[in-house]
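What follows is one structure encoded as structure tokens, with my remarks underneath.
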Amino acid sequence: MRLAFSDDQVAVRDAVQAFLAEAVSSESTRTAMADGSGVDWPLWRAMARDLGLTGLAVPEAFGGSELGAVETAIISETLGAHLGAVPWLASTVIATKAISLGGSDTQGAEWLPRLAEGSAIATFATEGFEIRNGRLTGSTPFVPHGNVADLIVACADDQTFLVPTDAVGCTITAQTTLDQTRPLALVTLSDVEAAPLPALDWCDIEPLAWTAIAADSLGGAQACLDRTVAHVKERIQFGRTIGSFQAVKHRLADMLVAIEQARSAVYWAAGEIDAGGPDARLASHAAKSFACDTYADCAGHAIQLHGGIGFTWEHDAHLFFKRARGNMSLMGAPVWHREQIARLMPLEVACD
Amino acid sequence: MRLSYTDSERAFRTEAADWLRSELCGEFADVRGLTSRVGAPERRLEWEKRLGEARWSVIGWPAEYGGRDATMAERVIFAEEYAGAGGPPRINHVGVELLGPTVIAYGTAAQKARFLPPIATGGSIWCQGYSEPGAGSDLGAVRTRAQLDNGEWIIDGQKVWTSLAQFSGWAFILARSEPGSVGRNGLTFLLVPLDQAGVSIRPIRQITGDAEFNELFLDGARTDQGDILGAPGEGWDVAMALLGFERGVSTLGQQMAFRNELDAVIAAARANGSAQDPLIRQRLAQAEIGLRLMRFGALRMLDQEGGAGTGAAITYKIQWASWRRSLGELAMDVLGQAGQVAPALPDGDYAMPILTDLFLNARADTIYGGTNQIQRNLIAERGLGLPRELRGDLKG
Chain A
1 MRLAFSDDQV
11 AVRDAVQAFL
21 AEAVSSESTR
31 TAMADGSGVD
41 WPLWRAMARD
51 LGLTGLAVPE
61 AFGGSELGAV
71 ETAIISETLG
81 AHLGAVPWLA
91 STVIATKAIS
101 LGGSDTQGAE
111 WLPRLAEGSA
121 IATFATEGFE
131 IRNGRLTGST
141 PFVPHGNVAD
151 LIVACADDQT
161 FLVPTDAVGC
171 TITAQTTLDQ
181 TRPLALVTLS
191 DVEAAPLPAL
201 DWCDIEPLAW
211 TAIAADSLGG
221 AQACLDRTVA
231 HVKERIQFGR
241 TIGSFQAVKH
251 RLADMLVAIE
261 QARSAVYWAA
271 GEIDAGGPDA
281 RLASHAAKSF
291 ACDTYADCAG
301 HAIQLHGGIG
311 FTWEHDAHLF
321 FKRARGNMSL
331 MGAPVWHREQ
341 IARLMPLEVA
351 CD
Chain B
1001 MRLSYTDSER
1011 AFRTEAADWL
1021 RSELCGEFAD
1031 VRGLTSRVGA
1041 PERRLEWEKR
1051 LGEARWSVIG
1061 WPAEYGGRDA
1071 TMAERVIFAE
1081 EYAGAGGPPR
1091 INHVGVELLG
1101 PTVIAYGTAA
1111 QKARFLPPIA
1121 TGGSIWCQGY
1131 SEPGAGSDLG
1141 AVRTRAQLDN
1151 GEWIIDGQKV
1161 WTSLAQFSGW
1171 AFILARSEPG
1181 SVGRNGLTFL
1191 LVPLDQAGVS
1201 IRPIRQITGD
1211 AEFNELFLDG
1221 ARTDQGDILG
1231 APGEGWDVAM
1241 ALLGFERGVS
1251 TLGQQMAFRN
1261 ELDAVIAAAR
1271 ANGSAQDPLI
1281 RQRLAQAEIG
1291 LRLMRFGALR
1301 MLDQEGGAGT
1311 GAAITYKIQW
1321 ASWRRSLGEL
1331 AMDVLGQAGQ
1341 VAPALPDGDY
1351 AMPILTDLFL
1361 NARADTIYGG
1371 TNQIQRNLIA
1381 ERGLGLPREL
1391 RGDLKG
């Protein structure tokens, strides 16, 4: 057992951190928010072309790098810290992984090279559809980045299907979304012909997806803390920096206490997934619930401790606050994840 | 990062599990599942010796002092198996986890040879003499005096909140050896035998009715000139290094007790049906998450290469103390009205069942070793670089 990142993982982390520090800014994110797509296209193209990040889940045979959950967490955390407006979670982490795990060779050959190079975008929809006469029908209103997707990985009746968004009978309507960096779309399927992913159990995708959302939350929470600490060291009121007030210091300390636990949760979960450990599901439920709660708290504290400026549109605090809320609601609220943990909890030790 | 185990680690786990099971389901079945830190002291002393005989007492120490040179992974594995087998709290926790590693780091060869083996074999029990009536979280205010006299240190003063002193043969004491010195300067770290005329111990009856803590009176107590760690006047550094060990491996041992306590709360919730209450289930799940995150946080602290930095270490105390206080409150909510009464004892003593005791006991956790308020100051100042709290300048 070894907790330290491997040399390769450190290299991934350093490269992604350096790259995103250059490639993302408040301006680039706001441009993406304003253009209706919710995608920072220069960032997305650079992630695909320059770093090959979109090939993360893709087997090498299809042009990808097939990295693990720890690498996924490292990249998700860094993207979260910068509020990257890209379909990373829906396309790279979830949909592409689903095809890599459960697709036929033909499906893989058709989609994975394009997803790996970032020229196609995929998303997922887990509810709202049913199978009628071998075709998919139904609708679901909350499909992340559905507005820009070329392909939907759609669940219906315990099976998973591939639905190209240009299929006859597929209608997509962009929604106005609280978090404009991760738009949601209404997807309606009317009698759409769809091919099942033959070897996919959706349960195999969930722990990685939850952990990636948790990692995004961890990065966001840490960014809220870092930015707020910088602010309270600068801001002077009543003749002193406000960071010298104990009420302020203690709240920031509580943020760090929670963030350090969230960090433990994310890397525990990612490590369990990579190890194929028996606790992978428990750990990813823990990470999703704890890190999302932490992010929501930290983003709220960031607004409070910035004072009036933190309530304005021009300041970035609201972007974190909205992403935090979105992460919380996506793929199961903290209360739901804790209930799943309650179901997994063991009986007391017995001496037999 | 690799959370899976190697073949040799798995073999180690089997060996530890087999031994623990045979002892704790056999000769030591009576201490299995015990959670009290003051209960059944004679039997727990015997258990300490049995661990030592089988070389399971101090596995992380070098083999020459009774350890096994165990890797971090092996120490983690043993802690897990110990918890799973229902091993009781270690009565020599302070000797094994705090003083031992400090002697290994700061002791002379002679001190290592003299002090370490008796700890490893359970023959020498230690307690910690840091706090004083006038110096709780503020150790720089220590006033106990030590002065050299004819090859011996003469120690005068009073310590308080000395856990398990009543069972201990030795204490390590932080004392002021340079008259007029203030703060962290002029302090010396002394190793003091307790079985002598100059020492008296008065148990403090606590909120629980138990006496785990004690007052320790040092009235001309003596120890040999050479029985100090570090140089005279430089005890602060040794004391702080020891607190570092407190945040390190010993946390894994502490988590054994936490696991047992949480399991007891779960069992109570199942027994009275409250485990079906959605709000109780949420809190039980939160407690489970908190415990698991404590474990991984402790591993991050221990794995220096893991990028733990100061964050995991500096936040750990407030994390576990707050977790355990919440667990105590959850325990009482699970028990409901039944938590208000204890089974009758023949002598009419005030003895609460373990979950009620946990509820009361946990009120100490957010106070000793630095209160939650002091911890937040430390985190803000050392962890986040915020301005220091204004220091008072009262001269007493």
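Here the protein sequences come in this chain order: A and B. Under our numbering, the first residue of the first sequence is numbered 1, with each subsequent residue one higher. Under our numbering, the first residue of the second sequence is numbered 1001, with each subsequent residue one higher. We put the beta carbon where it would ideally sit given N, CA and C, even for glycine.
Just the C-alpha distance for residue i and residue j, rounded to the nearest angstrom, thanks.
i	j	result
A1264 (chain B)	A269 (chain A)	26 Å
T188 (chain A)	I1280 (chain B)	39 Å
L347 (chain A)	L1262 (chain B)	Reliability of the predicted coordinates at L347 (chain A) is poor, the pLDDT of 38 falling under 50, and no value is obtained from them.
I1125 (chain B)	I1091 (chain B)	8 Å
A1308 (chain B)	R45 (chain A)	The predicted model places A1308 (chain B) with a pLDDT of 41, which falls under 50 and marks its position as unreliable; any figure quoted below should be read in that light. For A1308 (chain B) and R45 (chain A), the distance between alpha carbons rounds to 33 Å.
I236 (chain A)	I1104 (chain B)	48 Å
C351 (chain A)	G310 (chain A)	A caution first: C351 (chain A) carries a pLDDT of 47, below 50, which makes its placement in the model unreliable, though a value can still be read off. Straight-line Cα distance between these residues: approximately 56 Å.
Q107 (chain A)	A90 (chain A)	18 Å
L1003 (chain B)	A1079 (chain B)	16 Å
E1305 (chain B)	Y267 (chain A)	Residue placement at E1305 (chain B) is poorly supported in this model, since its pLDDT is 45, which falls under 50; the coordinates are not used for a value here.
D226 (chain A)	G1385 (chain B)	11 Å
H301 (chain A)	R114 (chain A)	41 Å
R1259 (chain B)	A1083 (chain B)	7 Å
R1292 (chain B)	L1327 (chain B)	14 Å
Q1340 (chain B)	Q1166 (chain B)	30 Å
G1039 (chain B)	D1357 (chain B)	12 Å
I94 (chain A)	G80 (chain A)	16 Å
A15 (chain A)	A199 (chain A)	34 Å
S371 (chain A)	L178 (chain A)	Because chain A spans 1 through 352 in this model, residue 371 (chain A) falls outside it and cannot be assessed.
Taking the beta strand (DSSP E) that residue i belongs to, which residues open and close that run?
i	result
P1203 (chain B)	1199-1203
E130 (chain A)	129-132
L184 (chain A)	184-193
G1129 (chain B)	1126-1129
Name, please, each residue of chain B whose Cβ falls closer than 8 Å to the Cβ of residue i.
i	result
M345 (chain A)	I1266, L1284, A1285, E1288
Q237 (chain A)	Within 8 Å Cβ-Cβ: nothing; Q237 (chain A) doesn't reach chain B, min ~13 Å.
V229 (chain A)	L1384, G1385, L1386
A275 (chain A)	R1002, L1003, S1004
Taking residue i as the query, report the chain A residues whose CB atoms sit under 8 Å from its CB, ordered along the chain.
i	result
G1383 (chain B)	A253, L256
E1009 (chain B)	M1
G1311 (chain B)	L256, I259, E260, R263
For a contact defined as C-beta to C-beta under 9 Å, what are the partners of residue i on chain A?
i	result
Y1106 (chain B)	Simply none; closest approach about 27 Å.
A1073 (chain B)	M1, R2
V1076 (chain B)	M1
I1318 (chain B)	A253, D254, V257
R1292 (chain B)	S264, A265, W268, D279, L282, A283, A286
Give the single residue among the options whose Cα lies nearest to the Cα of residue i.
i	options	result
A1114 (chain B)	B:A1146, B:G1198, B:I1228, B:I1059	Residue 1114 (chain B) is actually Arg in this sequence, not Ala. The shortest Cα separation from R1114 (chain B) among B:A1146, B:G1198, B:I1228, B:I1059 belongs to B:I1228.
L1051 (chain B)	B:A1011, B:M1352, B:R1021, B:A1267	B:R1021
I74 (chain A)	A:R251, A:Y295, A:V143, A:L20	A:L20
T176 (chain A)	A:D35, A:M345, A:I341, A:L3	A:D35
A195 (chain A)	A:L151, A:Q246, A:A215	A:L151
Q261 (chain A)	A:Q159, A:W313, A:A283	A:A283
T1366 (chain B)	B:L1390, B:W1323, B:N1185	B:W1323
L256 (chain A)	B:A1054, B:R1145, B:I1379, B:A1171	B:I1379
Residue i versus chain A: which residues are under 7 Å apart at the beta carbon?
i	result
D1303 (chain B)	L3, A4
M1256 (chain B)	Here the premise fails: no neighbours, minimum Cβ distance about 11 Å.
T1356 (chain B)	Here the premise fails: no neighbours, minimum Cβ distance about 18 Å.
G1297 (chain B)	E260, Q261, S264
Under 9 Å Cβ-Cβ, which residues of chain B neighbour residue i?
i	result
S244 (chain A)	L1386, P1387, R1388, E1389, L1390
E272 (chain A)	L1003
K288 (chain A)	Those do not exist, as K288 (chain A) stays about 10 Å from chain B at its closest Cβ, beyond 9 Å.
Terminal residues of the continuous alpha helix (DSSP H) containing residue i?
i	result
V24 (chain A)	That residue, V24 (chain A), is in no alpha helix (DSSP H); it is neither H nor E in DSSP.
L79 (chain A)	69-82
E1074 (chain B)	1072-1084
T1315 (chain B)	1311-1335
G1244 (chain B)	1235-1246
D1365 (chain B)	1354-1365
For a contact defined as C-beta to C-beta under 7 Å, what are the partners of residue i on chain B?
i	result
I341 (chain A)	A1285, E1288, I1289
V335 (chain A)	Q1282
Counting only Cβ pairs nearer than 9 Å, list the residues of chain D close to residue i.
i	result
N1377 (chain B)	Considering every chain present, this structure includes no chain D. Its protein chains are A and B.
Which runs of the alpha helix (DSSP H) spanning at least 4 residues fall entirely within the stretch 221-281 of chain A, listed in chain order? Look at the stretch 221-281 of chain A and you find these whole runs of alpha helix (DSSP H), each 4 residues long or longer: 246-275.
If you scan the stretch 90-170 of chain A from start to end, which runs of the beta strand (DSSP E) of 3 or more residues do you find wholly inside it? At a cut-off of 3 residues, the continuous stretches assigned as beta strand (DSSP E) that sit fully inside the stretch 90-170 of chain A are 122-125, 129-132, 135-144, 151-156, 159-164.
Whole beta strand (DSSP E) elements within the stretch 1135-1215 of chain B, 3-residue minimum: If only complete runs of 3 or more residues are kept, the stretch 1135-1215 of chain B shows the beta strand (DSSP E) at 1145-1149, 1152-1159, 1170-1176, 1187-1193, 1199-1203, in order along the chain.
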